[in-house]
Amino acid sequence: MDVVYEEAEVTGCWYPNKKAGELFLKGENLGMIKDYFGKVLQTCIAKYDGIVLYQVSSLVILKNSPMIAYGKIKNDGDNSNEK
2 MDVVYEEAEV TGCWYPNKKA GELFLKGENL GMIKDYFGKV LQTCIAKYDG IVLYQVSSLV
62 ILKNSPMIAY GKIKNDGDNS NEK
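Here the sequence shown is numbered in my numbering, starting from 2 and rising by one per residue.
So, in structure tokens, the structure goes:
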């Protein structure tokens, strides 16, 4: 399974849009980091169709710390033996 580990580029408040185990499509907004006034500082956009493996559950997130991890869902047309 291909896995993406997204890290926070800034310190702020983490607002996830998905929960662990939820499926999503490429291009979906998985969550964002905002400052204390609500200004969006970073947005996490899915690089491919996948499933959320885990994410930070606290509101505060520090720069360079793990934010969310998700795995790629392989489709039936994929020639890979891995599923």
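By construction, the Cβ of each residue, glycine as well, lies at the ideal position given by its N, Cα and C atoms.
Exercise for review: Just grab the DSSP bridge partners of residue 30 for me.
Suggested key: 46
Practice item. Provide the residue(s) that pair with residue 24 in DSSP beta bridges, ordered along the chain. Key: 52
Review point. Does DSSP classify residue 2 as helix, strand or coil?
Key: coil
Review point. Can you tell which of 76, 75, 74, 69 has the C-alpha that lies nearest to the C-alpha of residue 6?
Key: 69
Check your understanding: Cα separation between residue 74 and residue 25?
Key -> 10 Å
**Study point:** Coarse secondary structure for residue 9, derived from DSSP in three states
**Key:** coil
Review point. If you compare alpha carbons, which of 15, 67, 10 is closest to residue 38?
Key: 15
Point to revise | Nearest-angstrom Cα separation, counted from residue 27 out to residue 76 | key: 13 Å
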